[in-house]
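J.: Numbering (the numbering used here), first residue to last: 28 to 507.
Cβ atoms here follow ideal geometry from the backbone N, Cα and C, with glycine treated the same way.
Just so you know, these numbers come straight off a predicted model, no measurement behind them.
Dumping the structure here so I can ask a few things about it.
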Amino acid sequence: MDPDRNRPSKFSEIEMKLLEDYASRLNSEIIELRKQVQEMRIDRQLRSFPSWLFRRIKRILKDRLSIRTKNRIKILLNWLSNRALKQSIGKASRYKSLASSKQGKSILILAHNYPASDGNYGGQHIERRVPFYKAAGFDVSIFVPTKNTTKKILAGNDGSPLYLAPLSQIEQIVKQTNAGQLAIHSPTPDIYEVTKNLMLDLPTHIWIHGFEARNWRELISDFSAEEIAKYGKRFDINNVERQWALSELFTNPDINKIFVSKYMRSVAEEFARTPALDSQVIHNVIDSNLFPYIPKSEEMRTHICSIRNFEKRNYATDLMSQTILNLSKMPWFSKLSIEIFGDGKHFEQDTASLLPFKNVKLNKSFVGAVLLKGIFLRNGIGLLPTRWDSQGMLNGEAMSSGVVPISNAVTAIPEFIGETEGMLADPENSEQLADGISKLVENPARFLAMSESAQVRARNQCGPKVTVQREIDLFEKACL
Numbered sequence: 028m029d030p031d032r033n034r035p036s037k038f039s040e041i042e043m044k045l046l047e048d049y050a051s052r053l054n055s056e057i058i059e060l061r062k063q064v065q066e067m068r069i070d071r072q073l074r075s076f077p078s079w080l081f082r083r084i085k086r087i088l089k090d091r092l093s094i095r096t097k098n099r100i101k102i103l104l105n106w107l108s109n110r111a112l113k114q115s116i117g118k119a120s121r122y123k124s125l126a127s128s129k130q131g132k133s134i135l136i137l138a139h140n141y142p143a144s145d146g147n148y149g150g151q152h153i154e155r156r157v158p159f160y161k162a163a164g165f166d167v168s169i170f171v172p173t174k175n176t177t178k179k180i181l182a183g184n185d186g187s188p189l190y191l192a193p194l195s196q197i198e199q200i201v202k203q204t205n206a207g208q209l210a211i212h213s214p215t216p217d218i219y220e221v222t223k224n225l226m227l228d229l230p231t232h233i234w235i236h237g238f239e240a241r242n243w244r245e246l247i248s249d250f251s252a253e254e255i256a257k258y259g260k261r262f263d264i265n266n267v268e269r270q271w272a273l274s275e276l277f278t279n280p281d282i283n284k285i286f287v288s289k290y291m292r293s294v295a296e297e298f299a300r301t302p303a304l305d306s307q308v309i310h311n312v313i314d315s316n317l318f319p320y321i322p323k324s325e326e327m328r329t330h331i332c333s334i335r336n337f338e339k340r341n342y343a344t345d346l347m348s349q350t351i352l353n354l355s356k357m358p359w360f361s362k363l364s365i366e367i368f369g370d371g372k373h374f375e376q377d378t379a380s381l382l383p384f385k386n387v388k389l390n391k392s393f394v395g396a397v398l399l400k401g402i403f404l405r406n407g408i409g410l411l412p413t414r415w416d417s418q419g420m421l422n423g424e425a426m427s428s429g430v431v432p433i434s435n436a437v438t439a440i441p442e443f444i445g446e447t448e449g450m451l452a453d454p455e456n457s458e459q460l461a462d463g464i465s466k467l468v469e470n471p472a473r474f475l476a477m478s479e480s481a482q483v484r485a486r487n488q489c490g491p492k493v494t495v496q497r498e499i500d501l502f503e504k505a506c507l
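In structure tokens, the structure reads:
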């Protein structure tokens, strides 16, 4: 009787299903491998087999072959072993030479979204880095996997070549771009599967931003009851698959692991159930040239902006609207000028209550960097509530412009905004959000002091010298 049979399982039901599925697929692969072995050269067989298969073959040979035959095979194996070693050394030498050459200065960024000439605004936090990489002498190409079967090449807003193609074409794109390093943002299991062999040959850097390294239930408010009922089990399986991929990446000492905040690192390591070896916290860069500071006047405290994504509930657009309704009860509300930018499935629902207010301007559109710069220059307060943020980059860009942020003290937000740079409300508390704005409107001196402190904090904590320059240092080190 198996003594382990009655022991309580350490795995959940979903994890057990995944393990059974993996074991079944592995068995099928072994059967197929045995068929393919007959068609392979003996030297390729011996160099390609995993170590357990080597041991199995060795036991079979030991039991069935004569001493003379064994000696001949031993000579052959020694020759093959020395040949493989020389090839390995030569390959390593070639890649070292490659990294120190022009190819080593060529980076392929793999991202889920990237701003492009076709109007896509996603991935702006990645786009912000690219001009700095180029200024440091690196050639940059971007690959965004798509479900379309044909490859498409666009120009990013920054002029970089942007490849849209199936994920399976990654090796082809690496060759086409002559990439010497991989920069992977938000690695998911499917991305890890197709890049893990490339990681053996190319210096690789991964960035952990959020969705790829957290339990989907942390943002359960993003899903309707119908969606949870229909997709909940699939989401749970996704959790396990992501945990596996992250644990593989986190324990690989050859990969540079970058987290955008201390909070994000703690969440990701807990989710992956393993610490990330030799990891670093490097915040998303806040470009003060793109978002310059021009001292605000007292009058600017009555100019309020809110730029939010209305697609997901973690951006708290419902709290934003409720905050404005709370402000409408104040005697000076009519003196305020409020402009709201964004789009998504909740836009009409969350802004319907604001339509009667003549001093609230609704703009159903996403904004790029140029428009965003103008919005921050003409406003003094940013109403930017949230339920979950790994950094809150929009807060930082507002602060760099001297806009005082009004947000919630949740997740990573307190890591970037203190009591002297902004107003933070408790989770789900629109009354405290409105109260934060009221304190600034009613106290011009406090507004001016916070505006100055906000831009100093953004530059000191997230300026290029302490963020993107550290990333460039990693690229340079990989070229040595």
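#1: Do we get a CB-CB distance below 8 Å when we pair P412 with the residues of chain D?
#2: Assign P158 to buried or exposed, taking buried as 16 or more other Cβ atoms, counted over all protein chains shown, within 10 Å of its Cβ.
#3: Once you ignore the five residues that flank G490 on each side, which residues in its own chain have a CB closer than 7 Å to its CB?
#4: Quick one, which of V394, S248, L276, K466 has its alpha-carbon nearest H232's?
#5: Report all residues from its chain with a CB closer than 7 Å to the CB of V221; omit the five preceding and five following residues, and keep chain order.
#6: Checking the sheet assignment: what are the DSSP bridge partners for W234?
#7: N579 by DSSP, collapsed to three states: which one?
#8: Inspect the beta-carbon positions of M357 and H152 and report whether they are closer than 8 Å.
#9: Checking 8 Å against the spacing of the C-beta atoms, do V294 and A240 come in under that value?
#10: Using 8 Å as the threshold, is the C-beta distance between T494 and P412 below it?
#11: Closest to L189 by C-alpha separation, out of Y160, P216, P142, would be which residue?
#12: Since I433 and L410 should fall inside the 8 Å C-beta cutoff, what is the C-beta to C-beta distance between them, to a whole number of angstroms?
#13: Determine the direct distance from the alpha carbon of S348 to that of N184, and round the result to whole angstroms.
#14: Taking the alpha helix (DSSP H) that S348 falls in, what are its first and last residues?
#15: With a threshold of 7 Å on Cβ separation, who are the neighbours of E458 within its own chain once the five nearest residues in sequence on each side are excluded?
#16: Return the first residue and the last residue of the alpha helix (DSSP H) that Y160 is part of.
#17: With a Cβ-Cβ cutoff of 8 Å, do A481 and V431 count as a contact?
#18: Pick helix, strand or coil for C332, following the three-state DSSP scheme.
#19: Pull up the DSSP beta-bridge partners for N435, would you.
#20: If I'm right that F170 touches L225 with Cβ under 8 Å, what's the distance once you round it to whole angstroms?
#21: Helix, strand or coil for K179? Go by DSSP, reduced to three states.
#22: Given K362, which residues of its chain have a CB within under 6 Å of its CB, disregarding the five upstream and five downstream residues?
#23: Touch check for the region 298 to 310 and the region 268 to 286: three-plus C-beta pairs under 8 Å?
#24: Hey, would you say A452 sits closer than 8 Å to N435, going by beta carbons?
#25: If you run the structure through DSSP and keep just helix, strand and coil, what is D370?
#26: Skipping 5 residues on each side, what residues in its chain have a beta carbon closer than 6 Å to that of L382?
#27: Give me the residue from M327, D281, W234, P172 with the minimum Cα distance to N140.
#28: Count the other CB atoms within 10 Å of the CB of Q208; is the residue buried (16 or more) or exposed (fewer)?
#29: Given a cut-off of 8 Å on the beta-carbon distance, is the pair D305 and P280 in contact?
#30: Could you tell me if R269 is buried or exposed, where buried requires 16 or more neighbouring beta carbons within 10 angstroms of its beta carbon?
#31: What residue does the alpha helix (DSSP H) around R200 start on, and which one ends it?
#32: So the beta strand (DSSP E) I169 belongs to, where does it begin and stop?
#33: Residues in its own chain within less than 7 Å of S187 by CB, not counting five upstream and five downstream?
#34: Could you tell me which residues DSSP pairs with P188 in its beta bridges?
#35: Roughly how many angstroms separate the alpha carbons of F474 and V394, rounded to a whole number?
#36: With 16 as the cutoff for other CB atoms within 10 Å, does P214 come out buried or exposed?
T.: According to the structure data:
#1: Of the protein chains in this structure there is only one, and it is not chain D.
#2: With 16 or more other Cβ atoms within 10 Å, it is buried.
#3: A distance below 7 Å between beta-carbons, with the five flanking residues on each side excluded, links G490 to the following residues of its chain, in chain order: I313, S315.
#4: For H232, the closest C-alpha among the options V394, S248, L276, K466 is that of L276.
#5: Answer for V221: L194, S195, I197, listed in chain order.
#6: Note: W234 is bridge-paired with H212, I285 in the DSSP secondary-structure output.
#7: No statement about residue 579 is possible, as the shown extent of the chain runs from 28 to 507 and does not include it.
#8: No, these two residues do not count as a Cβ contact at 8 Å.
#9: Contact: yes.
#10: In this structure, P412 does not lie closer than 8 Å to T494 by Cβ.
#11: It is P142 whose Cα lies nearest to the Cα of L189.
#12: Right, their Cβ atoms sit about 5 Å apart.
#13: Distance between the alpha carbons of N184 and S348 is about 32 Å.
#14: Membership of S348 in the alpha helix (DSSP H) is indicated by the continuous run 344 to 354.
#15: For E458, where only same-chain residues beyond five positions count, the Cβ hits under 7 Å are N353.
#16: Per DSSP, the continuous alpha helix (DSSP H) segment holding Y160 begins and ends at 157 to 162.
#17: Yes, Cβ-Cβ distance for A481 and V431 is below 8 Å.
#18: If DSSP states are grouped into helix, strand and coil, C332 belongs with the strands.
#19: Bridge pairing for N435: A452 [DSSP].
#20: The distance from the Cβ of F170 to that of L225 is about 12 Å, inconsistent with a contact at the 8 Å cut-off.
#21: Three-state result, K179: strand.
#22: Within the same chain, K362 has close Cβ partners T329.
#23: Yes, they touch.
#24: Cβ distance < 8 Å, so A452 and N435 count as in contact.
#25: Looking at D370 - three-state DSSP - the assignment turns out to be coil, as it is neither helix nor strand.
#26: Cβ neighbours of L382 beyond the five flanking positions: none.
#27: Out of M327, D281, W234, P172, the CA that lies nearest to the CA of N140 is found in P172.
#28: So Q208 counts as buried.
#29: One thing to note: D305 has its Cβ within 8 Å of the Cβ of P280.
#30: With 16 or more Cβ atoms within 10 Å of its Cβ, R269 is classed as buried.
#31: At residue 200 the sequence reads Ile, which differs from the Arg that was named. Run containing I200: 197 to 204, per the alpha helix (DSSP H) assignment.
#32: Unbroken beta strand (DSSP E) run through I169: 166 to 172.
#33: V157, V167, S168, I169, listed in sequence order.
#34: Answer by DSSP bridge pairing, in chain order: A182.
#35: Approximately 26 Å between the Cα atoms of the pair.
#36: A residue is called buried once 16 or more other Cβ atoms fall within 10 Å of its Cβ, and P214 is buried on that count.
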